[in-house]
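S.K.:
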């Protein structure tokens, strides 16, 4: 696919226009991911799906790129979803992976003229990793057989925000500045004001347009928080957000209480668990 990068400085017409733009646009990856792919390419015979999968899973943008490519290029004979990056790579094969994913554009290159936006993107990615770690810890405690997909869902929970930083840095900065000026401002409200859409809606639309695995879409849908797996992801992401600046946020006791209810623990035991995951 040719690189269709065009920096957006104004909101698009509607959700459909946003979805189509991001569906077709090249996704940049972290610089260390691009370097690791080239290092592995030089020694292709020595790497396997697990090694590549571990590398890809360290980068939510590359994870999204691999899953979306595989889902939209799945052979007709394959009727079941590959729900994790490693399973996708096993299905794809090592040589085809390197053929499809040549030298990658990086977020540092894309945002070279927007250092503040690059920093904003890094903060979202760091939060995504912490949320994924919390989610995996909760899922393991619950003995959920879908723990790897829950980890993946938490890692990708805010991928629409990541794409916004990459493709519309000035708009992403407007949202962040408004939220910093008024911490009580709801994310959905300021997104609607600045973008004309809400990022959660864009994310669900993109996941469906890319035909991502049904289980991943279902676990990622915040509107179904009554399901334990969805609540697992939501609470992990929420805790990661509230603890991004430290453990003194006033919302954390409520987070811990909800996590305790999910895991059938006392509040003290739940706090001990989340702090051990963080450590």
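Numbering (this note's numbering), first residue to last: 303 to 581.
Every residue, glycine too, gets a C-beta built ideally from N, C-alpha and C.
1. What is the C-beta distance between residue 414 and residue 309, in whole angstroms, given that I count them as a contact (C-beta under 8 Å)?
2. Using the Cα positions of residue 283 and residue 477, report the straight-line distance between them to the nearest angstrom.
3. When you compare the CB positions of residue 352 and residue 388, do they come within less than 8 Å of one another, or not?
4. Report buried or exposed for residue 453, applying the criterion of at least 16 other Cβ atoms within 10 angstroms of its Cβ.
5. In whole angstroms, what separates the C-alpha of residue 391 from that of residue 431?
6. Which residue wins for smallest C-alpha separation from residue 467, given the options 399, 408, 519, 396?
7. Please report the Cβ distance between residue 433 and residue 579, rounded to the nearest whole angstrom; I am assuming they are in contact, meaning their Cβ atoms lie under 8 Å.
8. Under a three-way DSSP split, which group does residue 545 fall into?
9. Distance check for residue 333 and residue 355, CA to CA, integer angstroms please.
10. Do you know how far the Cα of residue 340 is from the Cα of residue 321?
11. Looking at residue 429: is its Cβ nearer than 8 Å to the Cβ of residue 546?
12. Determine which residues share a DSSP beta bridge with residue 408 and list them.
13. DSSP three-state call for residue 395: helix, strand or coil?
14. What does the alpha-carbon distance come out to for the pair residue 504 and residue 406?
15. Using CA coordinates, which residue listed in 508, 492, 446, 493 is at the minimum distance from residue 529?
16. For residue 564, which option in 544, 542, 549, 527 has the closest C-alpha, if you only look at C-alpha atoms?
17. Classify residue 381 as helix, strand or coil using the three-state DSSP reduction.
18. Please work out which residues of its chain come closer than 7 Å, Cβ to Cβ, to residue 245, disregarding the five sequence neighbours upstream and downstream, and give them in chain order.
19. As a quick exercise: from 343, 498, 519, 491, pick the residue whose alpha carbon is nearest that of residue 399.
20. Exposed or buried, what is residue 456 when buried is set at 16 or more other beta-carbons lying within 10 Å of its beta-carbon?
21. Between residue 463 and residue 426, which are expected to be in contact by the criterion C-beta below 8 Å, what is the C-beta distance as a whole number of angstroms?
22. Using the C-alpha atoms, what's the distance from residue 395 back to residue 348?
23. In terms of residue numbering, what span does the alpha helix (DSSP H) encompassing residue 584 cover?
24. Looking at residue 317 and residue 474, is the spacing between their C-beta atoms short of 8 Å?
25. Please return the same chain residues whose Cβ sits closer than 7 Å to the Cβ of residue 410, not counting the five positions on each side in sequence.
26. Could you tell me the alpha carbon to alpha carbon distance between residue 488 and residue 338, rounded to whole angstroms?
27. Between the Cα of residue 331 and those of 314, 359, 364, 357, spot the shortest distance and give me the residue it belongs to.
28. Which class does residue 435 belong to by DSSP, given the choice of helix, strand or coil?
29. Do you know how far the Cα of residue 336 is from the Cα of residue 305?
M.R.: Looking at the atomic coordinates:
1. Their Cβ separation, rounded to whole angstroms, is 12 Å, which puts residue 414 and residue 309 out of contact at 8 Å.
2. The displayed coordinates of the chain run from 303 to 581. Any statement about residue 283 would go beyond what the structure contains.
3. Yes.
4. By the beta-carbon neighbour count (other beta carbons within 10 angstroms, threshold 16), residue 453 is buried.
5. Distance from the CA atom of residue 391 to the CA atom of residue 431, rounded to whole angstroms, is 21 Å.
6. Restricting attention to 399, 408, 519, 396, the CA atom closest to the CA of residue 467 is found in 408.
7. Their Cβ separation, rounded to whole angstroms, is 11 Å, which puts residue 433 and residue 579 out of contact at 8 Å.
8. It is coil, neither helix nor strand.
9. Our two residues, residue 355 and residue 333, have alpha carbons roughly 17 Å apart in a direct line.
10. When rounded, the separation of the alpha-carbon atoms in residue 321 and residue 340 is 30 Å.
11. Yes. Within cutoff.
12. According to DSSP, residue 408 bridges with 331.
13. Here DSSP, grouped into helix, strand and coil, assigns residue 395 to coil.
14. A straight-line Cα-Cα distance of about 24 Å links residue 504 and residue 406.
15. The shortest CA-to-CA distance from residue 529 to any of 508, 492, 446, 493 is the one to 446.
16. Measuring C-alpha to C-alpha distances from residue 564 to each of 544, 542, 549, 527 identifies 527 as the nearest.
17. Its pLDDT being 46, under 50, residue 381 is placed unreliably by the model, and the measurement read from it follows with that caveat. DSSP places residue 381 in coil when its eight states are reduced to three.
18. Residue 245 is absent from the structure shown; the chain starts at 303 and stops at 581.
19. With distances taken between Cα atoms, residue 399 lies closest to 343.
20. The residue in question, residue 456, is buried, as its Cβ has 16 or more Cβ neighbours within 10 Å.
21. With 8 Å as the limit, residue 463 and residue 426 qualify as a contact, their Cβ atoms being about 5 Å apart.
22. The alpha-carbon separation between residue 348 and residue 395 amounts to approximately 13 Å.
23. Residue 584 lies beyond the residue range present for the chain, which begins at 303 and ends at 581; the question has no answer from this structure.
24. Result no, Cβ atoms of residue 474 and residue 317 do not sit closer than 8 Å.
25. Result list for residue 410: 333, 420, in chain order.
26. C-alpha separation (whole angstroms): 38 Å.
27. Closest by alpha carbon: 364.
28. Correct three-state label for residue 435: helix.
29. Note on residue 305: pLDDT 48, under 50, position unreliable in the model; no value is reported.
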